[in-house]
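In what follows, a structure is listed as structure tokens, so that the remarks can point back to it.
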Amino acid sequence: MKKNILITKVQRFSMNDGPGFRTNVYIKGCGLKCIWCHNPETQSASEEIYWKKMQCEQCGLCLDACPQNAINPPIPPEEARKEGSSYHKIKKERCDACMKCVDVCPYGALERVGLPMTVEEILEEVESDRVFYDNSGGGMTISGGEPLTQCDFVEMLMNEARKKEISICLDTSGNGPWGDLKRLADKADIVLYDLKHLDSDEHMKLTGVPNERILANLINLSRNGSKIWLRVLVIPDYTDSYAYHAKVIDYLNRLDRPVDRIDLIPYHNWCEDKYAWLGRTWPMYEYEALANWDVEPIMEIYAEAGLNTTIGGSGFEN
Ligand code: SF4
Ligand code: SF4
1 MKKNILITKV QRFSMNDGPG FRTNVYIKGC GLKCIWCHNP ETQSASEEIY
51 WKKMQCEQCG LCLDACPQNA INPPIPPEEA RKEGSSYHKI KKERCDACMK
101 CVDVCPYGAL ERVGLPMTVE EILEEVESDR VFYDNSGGGM TISGGEPLTQ
151 CDFVEMLMNE ARKKEISICL DTSGNGPWGD LKRLADKADI VLYDLKHLDS
201 DEHMKLTGVP NERILANLIN LSRNGSKIWL RVLVIPDYTD SYAYHAKVID
251 YLNRLDRPVD RIDLIPYHNW CEDKYAWLGR TWPMYEYEAL ANWDVEPIME
301 IYAEAGLNTT IGGSGFEN
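See the structure below:
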């Protein structure tokens, strides 16, 4: 069993990932590649480096420090910062993640993404906010990336959190073996389950994987009696029509046991910088973020169907 795994970050005071105030543990690594992913730094299971071009003065110290010749030579900062510039500091194919460049950068332009952490180290951070959990009904949310990619470690983390009486939410795309999902779901108070697209071909196009296993796991979870908060993505041009959501409602009505809550998650684009820092292009750069009021008419059809629904998934709504 692994003693530690790569964690992208441990984020305190989240208010939209389960009830109350939560500490989110973002596991690094995911089998899906959603085109709207707002946490692209969690997709790769390897350590990565952000290069923040607006902070880079092109001093060249990182170039001197790199043993792998993985740093591009300096160019004038204003050229590197120009919108649409294809210049990126790090040649990813050569980098072995030694982090020597991060250590020498005097301007904070390089940042490590992904830190190996043990169960004890994670829980120490999580426990520091216990008073907020007690006052708000909050706890720890294990997210990603995809927790199912590190099932044994996550189970160990859940076991230890249980001993400390910390409430647990599992945030998953459901893209894994049912046996693994059941192991984790049975230890969680609530499963936050993503519904990205009902149609398998569309799902494949949008996430890189088909959805048969994911939908089968949702049916299994429902039969298992797990408490489910279903996160239904609202993505412009893909999942923002009434007809699509009418199909979702019809599908949910056919589950053996209704889901406990539906959270409509409007598309946003606050992640654009992170793509640039990783040297990647934000696939949905042409799309404006949706506001809550854009999604309200969709929420009404869920309400008319008698389904307990929020927009955004606040942990302070019933
Ligand atoms: S050390 Fe930092 S500021 Fe200097 S070139 Fe490298 S990334 Fe830019
Ligand atoms: S992490 Fe190491 S190998 Fe990668 S670019 Fe920085 S110094 Fe070079």
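Residues 1 to 318 in the UniProt record's numbering are what the sequence shown spells out, letter by letter. Just so it is clear, CB atoms sit at the ideal spot from N, CA and C, and this is done for glycine as well. Here the structure is a predicted model, which is why all the values come from computation and not from measurement.
Nearest CA to the CA of Arg183: which residue from Glu155, His245, Lys52, Leu307?
Locating residue 183 in the sequence shown gives position 183, counting from the first residue. Cα-wise, what sits closest to Arg183 is Glu155.
Provide the residue(s) that pair with Thr309 in DSSP beta bridges, ordered along the chain.
The residue labelled residue 309 in the question sits at position 309 within the sequence shown. Ile262.
Could you check where the alpha helix (DSSP H) with Ile298 kicks off and where it finishes?
Residue numbering aside, residue 298 sits at position 298 when the sequence shown is read from its first letter. Where Ile298 is concerned, the enclosing alpha helix (DSSP H) stretches over 292-304.
Starting from the Cα of Met158, find the closest Cα among Gly174, Glu48, Thr141 and give me that residue.
Translated into positions along the sequence shown, residue 158 becomes position 158. Among Gly174, Glu48, Thr141, the Cα nearest to that of Met158 is on Thr141.
Can you give me the Cβ contacts of Glu47 inside the same chain, cut-off strictly under 6 Å, excluding the 5 residues immediately before and after it?
Numbered from its first residue, the sequence shown carries residue 47 at position 47. The answer, listed in chain order, is Ala97, Gly114.
Look up Tyr193 in the DSSP assignment and give the residues it is bridged to.
As a first step, residue 193 is located in the sequence shown; it is residue number 193 there, counting from the start. According to DSSP, Tyr193 bridges with Thr172, Leu230.
Given this structure, state the Cα-to-Cα distance separating Glu146 from Ala305, to the nearest angstrom.
On the sequence shown, residue 146 is found 146 positions in, with the first residue counted as 1. On the sequence shown, residue 305 is found 305 positions in, with the first residue counted as 1. Those two C-alpha atoms are separated by around 31 Å.
Would the C-beta of Ala185 count as close to ligand 2, meaning under 7 Å from any of its heavy atoms?
Within the sequence shown, residue 185 is the residue found at index 185, counting from 1. No, since every heavy atom of ligand 2 falls outside the 7 Å radius drawn around the Cβ of Ala185.
Check each candidate in Ile35, Cys66, Ile311 and name the one with the smallest Cα separation from Lys92.
Here residue 92 refers to the residue found at position 92 when the sequence shown is read from its first residue. Minimum Cα distance to Lys92 is reached at Cys66.
For ligand 2, is there a heavy atom less than 7 Å away from the beta-carbon of Gln68?
In the sequence shown, the residue the question calls residue 68 occupies position 68. It does: the Cβ of Gln68 is within 7 Å (strictly closer) of some heavy atom of ligand 2.
Confirm, please, whether the CB-CB distance from Leu264 to Trp311 is below 8 Å.
Along the sequence shown, one-based indexing puts residue 311 at 311. Along the sequence shown, one-based indexing puts residue 264 at 264. The sequence shown places Ile at residue 311, rather than the Trp named in the question. Yes, they are a contact pair.
Just mark Val119 as buried or exposed, buried being the case when its beta carbon has 16 or more other beta carbons within 10 Å.
For the purposes of this step, residue 119 is identified with residue 119 of the sequence shown, where counting begins at 1. Looking at its Cβ environment, which holds 16 or more other Cβ atoms inside 10 Å, Val119 is buried.
Using C-beta distances below 7 Å, list every residue in its chain close to Thr239, excluding the 5 sequence neighbours before and after it, in chain order.
Your numbering for residue 239 matches position 239 in the sequence shown. Cβ contact annotation for Thr239 (same chain, cutoff 7 Å, sequence separation greater than five): His197, Leu233, in chain order.
Closer than 7 Å: Cys98 CB and nearest ligand 2 heavy atom
On the sequence shown, position 98 is the one that residue 98 refers to. Because some heavy atom of ligand 2 lies under 7 Å away, the Cβ of Cys98 counts as near it: yes.
Where Lys163 falls: helix, strand or coil (DSSP):
If you number the sequence shown from 1, residue 163 lands on position 163. Helix at Lys163.
Kindly identify the DSSP beta-bridge partner or partners of Ser14.
Your numbering for residue 14 matches position 14 in the sequence shown. Beta-bridge pairing links Ser14 to Arg22.
Quick check: is any heavy atom of ligand 1 less than 7 Å from the C-beta of Glu57?
Start at 1 with the first residue of the sequence shown, and residue 57 comes out as number 57. True, at least one ligand heavy atom lies under 7 Å from that Cβ.
For a quick check, are the C-beta atoms of Cys169 and Leu195 less than 8 Å apart?
Locating residue 169 in the sequence shown gives position 169, where the first residue counts as 1. Locating residue 195 in the sequence shown gives position 195, where the first residue counts as 1. Contact flag unset, no.
Tell me, to the nearest whole angstrom, how far the beta carbon of Arg12 is from that of Asp129; I am working on the premise that it is less than 8 Å.
By one-based count along the sequence shown, residue 12 stands at place 12. By one-based count along the sequence shown, residue 129 stands at place 129. Confirmed, Cβ separation roughly 6 Å.
Nonlocal neighbours in the same chain, by C-beta distance under 8 Å from Ala216, ignoring five residues either side
Here residue 216 is taken as the residue at index 216 of the sequence shown, counted from 1. So the qualifying residues of the chain are Trp178.
Nearest to Cys30 by alpha carbon, out of Ala161, Trp282, Glu296, Cys151?
In the sequence shown, counting from the first residue as 1, residue 30 sits at position 30. That would be Cys151, whose Cα lies nearest to the Cα of Cys30.
Three-state secondary structure assigned by DSSP to Trp51:
Translated into the one-based positions of the sequence shown, residue 51 becomes position 51. Correct three-state label for Trp51: strand.
Buried versus exposed call for Ser173 [16 or more other C-beta atoms within 10 Å across all chains shown]:
Counting from one through the sequence shown, the residue named residue 173 turns up at place 173. With 16 or more Cβ atoms within 10 Å of its Cβ, Ser173 is classed as buried.
What do you reckon, is the C-beta of Ile235 under 7 Å from a heavy atom of ligand 2?
Within the sequence shown, residue 235 is the residue found at index 235, counting from 1. No, the beta carbon of Ile235 sits no closer than 7 Å to any heavy atom of ligand 2.
For Met117, does the count of other Cβ atoms within 10 angstroms reach 16, so buried, or fall short, so exposed?
The count along the sequence shown starts at 1 and reaches residue 117 at position 117. Its Cβ being crowded by 16 or more others within 10 Å, Met117 is buried.
Compare the C-alpha of Leu307 against each of Arg112, His203, Met299 and name the closest.
Sequence index remark: in the sequence shown, residue 307 carries index 307 (1-based). It is Met299.
What separation, rounded to the nearest whole angstrom, lies between the Cα atoms of Glu79 and Pro73?
Residue 79 sits at position 79 when you count from the first residue of the sequence shown. Residue 73 sits at position 73 when you count from the first residue of the sequence shown. Distance between the alpha carbons of Glu79 and Pro73 is about 13 Å.
I want to see whether chain B comes within less than 8 Å of Pro266, judged by CB atoms only; does it?
Absence of chain B from the displayed structure is noted, only one protein chain being present.
Boundaries of the beta strand (DSSP E) in which Leu110 is found, first to last residue:
Numbered from 1 along the sequence shown, position 110 holds the residue referred to as residue 110. Run containing Leu110: 110-113, per the beta strand (DSSP E) assignment.
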